[in-house]
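These protein sequences, in sequence, are chains A and B.
Quick note: the first sequence uses our numbering, first residue 67, plus one each step.
Quick note: the second sequence uses our numbering, first residue -12, plus one each step.
Below is one structure, written out as structure tokens; the observations come after it.
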Amino acid sequence: MLGRTASSLFWMSRYVERAENMARLLEVGYRISLMPGAVEGHRDEWRSTLTSAACAESYAAKYDDIHGARVISFLLFDEENPTSVKSCLKAARNNGRAVRTALTRDVWESLNSTWNELAQIDPDTITSDRLPSFLEWVKQKAMAFRGALLGTMLRTDPYYFSQLGNFIERADNTARILDVKYFILLPRATDVGSDVDAQQWAQVLRSVSAHRAYRWFYKDSRYKPWLVSEFLILQEEMPRSLLFAYNWINLALNDLGQLYGQRYDCHALAAQTQARLKGGKMEQIFQDGLHEFLQDFMEANNALSQSISKTYNFP
Amino acid sequence: MQQNGAVGAMAFNEMFLGDGKVRKPYSKVETWLKSLGPSDIERALRECEARFRRQGITFAVYGDNKASERIIPFDIVPRVFAAQEWRRLSSGIEQRVRAMNSFLHDLYHRQEILRAGRIPTDVIIQNEAFVPEMVGVNPTKGIYAHIMGIDIVRVAENDFYVLEDNCRTPSGVSYMLEDREAMMHLFPELFSQHRIAPVENYPSVLHKTLESVAPASSSSEPVIVVLTPGIHNSAFFEHAFLADEMGVELCEGSDLFVSDGWLYMRTTQAPKRVDVVYRRIDDAYLDPLAFRPESNLGVPGIFDVYRAGRVTLVNAPGTGVADDKSIYTYMPEIIEFYTGEKPLLKNVPTWRCSNAADLQYVSEHLAELVVKEVHGSGGYGMLVGPTSTKVQIEEFRAKLLARPSNYIAQPTLALSAVPTFVESGVAPRHVDLRPFVLCGDSIRVTPGGLTRVALQEGSLVVNSSQGGGTKDTWVLED
């Protein structure tokens, strides 16, 4: 398989995952903007959405002040913003198009029809009342893509590379959201946070579609900050947790190692991060600093991505 | 517009004879066509459009930002050839292809045709498509043009002309295959009523052809790749399609590299040696070290590997000189010179505007003629006199007089017409035909080819970039 093919598969999946995450972040931002108590904090919420999306700087370079409708259009449709939903879906489709021969028809058609439908949408028609259904559409398209991939691709190298892209992106996204909010997750002297805090925790969970799952898992309807952190970092049952992502990354890398009959640095890096998460304890992480932990993690995750690119001759 | 209507009325209708009788190859198609209700047609057209769009069977129109990916309109009325009609065409095409390969070999070796004075030396030596670096190079089995498309028009029952030869990187074969797929999917009953020569084995014949011209240094299973300029090329869909159908890698220039005199591709594992490159990149961009230095589409050093006989390039560099419009006019001489036979297919009479007398005639008769750029393709930059306004003609005249040698002119042929679905119902529309030819161990002409149809009433321009559509093309078996 060509190195470029591997790279395109990796980025194709990464971009679809990114588009889906962007839709979730916007969903949360939108919810908050509707809440009555949040009026004065409104601007902060959109700022925090931009930070979680890693778009604060690029937004500031283009606009002077933070304004809901502008943030939404920047994150959804702005093609100058390389991580807008539209840019992501375009990049995903272009990557897929370049390696059509490595994709099944179902995977390709899911990417292609998503792009064709999106290209028909006039951004001006997505007014705030239509925003939720549009975001829902983005999520559903991303899930249909993943379904096609899981259901039709042969378990050989094209599949493994696209899985790697998918889960490296997901781990990065979850870690970034936690890091943006880490200060509200730090344990305090009192167990019971204020209403505002509870709302913030719910928001973190929502941004990874985990607020219901949390209640089922902990059999507790009250959000506790350290449990929220634990859920999203260390619980391998939680499909958007860091450990879950690393289990899949290691699976894909091991299969690839077996297929090619050779293991490299990237295998060791991924195993190391997985082991760290598997043996991790929340108390320890808090003690050493949640922010530092997450920063370390994101750096290691990025290093893994680069090591994979280098090892498998991505262009 | 009157002129225009006259062309339409004079044109040979492939389905109906003058007295309204149906021509034999079309008898069952005509019955079927009559049986279709408006809702059947609408359903079929909708399904086709959705099918092509979903699969991404698109082409790009250069200089058009708004809808940069379009689908080519597909017409559901097939174009039909009887077996014996096809045999005649097919042997004419074969003869032409044989002559062209001999011609290319001669041009890059002894140049006997020039010494014999059958073609002026200037026409070759000053031709941009002539690649001096190819002189003395011996391609595997002496074949230069492996993959060709010969554009043919029909003006009467037994009257066919070759309009143009395409032996650089002819495209359209994926549409031929997808059109057939679409028809079989939509109207399976038609296929049980007829015995239609299959075209679906084209990719495997192509694969065999490529294998048969692998260099002697390759193993029994040569490594073949398709080389594309990338996803922004207008024919990218076809590049991906052919690579996929043949089960070979689709490479961009940056995926290939030369090391120690051999060509390799960059894989996720060790580099892999490549034996045959079906390149869909023009000569000039193939190798920045040998040709255009600013090209980043090609592979530095690939031409040296080719000259050393360690890789086969398909088609060979420099084949373009054989399909150049200024050479076209000499094709009858070329065929006679190399095959010793009379040409089976006719050339369209052509005026070379580089010649003063021809220029004068052309300039005086612009309203009747089709004028084309010598090196142009795809229907860009041409004038169709009878369908142009006075202003357009005058504008064109200025361009022509500024650079006469850049143009050739031909009479406006009354291209045959085939019934076609248009907004007002079924009406005859002008068509041409591009049969595809593969040349390796033997010469194989795909039965049928791509029929392009001008969807505008009276229009003679069938190019997809100018709004043309396509039709499934059938060759009936005896």
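For each residue, glycine too, the CB sits at the ideal point set by N, CA and C.
Among the options, which has the Cα closest to the Cα of residue i?
i	options	result
R421/B	W73/B, S246/B, D269/B	W73/B
V418/B	G285/B, L402/B, M(-3)/B	L402/B
V298/B	S452/B, Y251/B, D270/B, H194/B	Y251/B
D345/B	K8/B, P190/B, P398/B	P398/B
Q328/A	E144/B, L177/B, T255/B, K333/B	T255/B
F394/B	A404/B, V349/B, L425/B, T374/B	Reading the sequence as shown, one finds Tyr at residue 394/B and not Phe. Cα-wise, what sits closest to Y394/B is V349/B.
V165/A	F143/A, W203/A, G69/A, A241/A	G69/A
E323/B	R40/B, Q71/B, G24/B, F90/B	F90/B
K329/B	E320/B, F174/B, P434/B	E320/B
V82/A	F249/A, R281/A, N239/A, I132/A	N239/A
S14/B	T127/B, H181/B, A116/B	H181/B
I106/B	E351/B, Y317/B, L425/B, H352/B	Y317/B
I100/B	A441/B, I314/B, N334/B, Q379/B	I314/B
Q206/A	K344/A, A85/A, W267/A, K376/A	A85/A
S74/A	I250/A, T167/A, D286/A	T167/A
I98/A	V246/A, G134/A, L169/A, F200/A	G134/A
E144/B	V405/B, L442/B, D428/B, S341/B	V405/B
For residue i and residue j, I'd like the C-alpha separation in whole angstroms.
i	j	result
W19/B	L150/B	32 Å
H357/A	G162/A	36 Å
E93/A	L309/A	25 Å
V413/B	A271/B	44 Å
L335/A	A227/B	35 Å
W112/A	R196/A	19 Å
S26/B	T457/B	22 Å
T215/B	T149/A	28 Å
F224/B	I218/B	8 Å
D152/B	G136/B	6 Å
A264/A	L244/A	15 Å
L325/A	D223/A	8 Å
M67/A	W314/A	22 Å
A295/B	R279/B	20 Å
D51/B	S452/B	At D51/B, the pLDDT of 46 sits below 50, so the modelled position is not reliable and the matter cannot be decided from this model.
G435/B	P185/B	9 Å
Is residue i helix, strand or coil by DSSP?
i	result
W138/B	A small correction: the amino acid at residue 138/B is Asp; Trp does not occupy that position in the sequence shown. Note: D138/B maps to strand in three-state DSSP.
K53/B	Any reading at K53/B must be qualified, since the residue scores a pLDDT of 45, below 50, and its modelled position is unreliable; the value itself is stated next. Here K53/B sits in coil by DSSP.
F380/A	coil
G7/B	coil
S207/B	coil
K290/A	coil
D231/B	helix
T240/A	helix
F278/B	coil
E236/B	strand
I395/B	strand
A404/B	strand
L356/A	helix
S246/B	strand
M219/A	coil
T299/B	strand
F39/B	helix
Does the Cβ of residue i have 16 or more other Cβ atoms within 10 Å, making it buried, or fewer, making it exposed?
i	result
G355/A	exposed
T376/B	exposed
E29/B	exposed
Q42/B	buried
N283/B	exposed
M152/A	Rather than Met, the amino acid found at residue 152/A in this sequence is Lys. Classification for K152/A: buried.
L388/B	exposed
Y248/A	buried
W282/A	exposed
P12/B	buried
**Message:** Under 8 Å, CB to CB, which of the residues in the segment 241 to 268 of chain B have a partner in chain A?
**Reply:** S241, D242, M252, R253, T254, T255, Q256
**Message:** Beta carbons nearer than 8 Å to chain D: which residues of the segment 136 to 154 of chain A have them?
**Reply:** No chain D appears in the structure shown, which is made up of the protein chains A and B.
**Request:** Give the residues from the segment 166 to 189 of chain A that approach chain B closer than 8 Å (Cβ to any Cβ), ordered along the chain.
**Result:** Along the segment 166 to 189 of chain A, the positions whose C-beta sits under 8 Å from a C-beta of chain B are R166, T167, R171, W174, E175, N178, S179, N182, read in chain order.
**Prompt:** the segment 208 to 234 of chain A: which residues have C-beta closer than 7 Å to a C-beta of chain B, in chain order?
**Reply:** D223
**Prompt:** Which of the residues in the segment 85 to 104 of chain B, read from start to end, lie with their CB under 8 Å from any CB of chain A?
**Reply:** Cβ contacts with chain A come from no residue of the segment 85 to 104 of chain B.
**Request:** Check each residue of the segment 70 to 93 of chain A: if its Cβ is closer than 7 Å to any Cβ of chain B, include it; give the result in chain order.
**Result:** R70, A72
**Item:** Residues in the segment 328 to 349 of chain A having any Cβ partner in chain B nearer than 7 Å
**Value:** none
**Asked** Between the segment 218 to 244 of chain B and chain A, which residues of the former have a C-beta closer than 7 Å to a C-beta of the latter?
**Response** I218, A227, A230, D231, E236, L237, C238, E239, S241, D242
**Request:** For the segment 21 to 41 of chain B, enumerate the residues whose C-beta is nearer than 8 Å to any C-beta of chain A, in chain order.
**Result:** R40, R41
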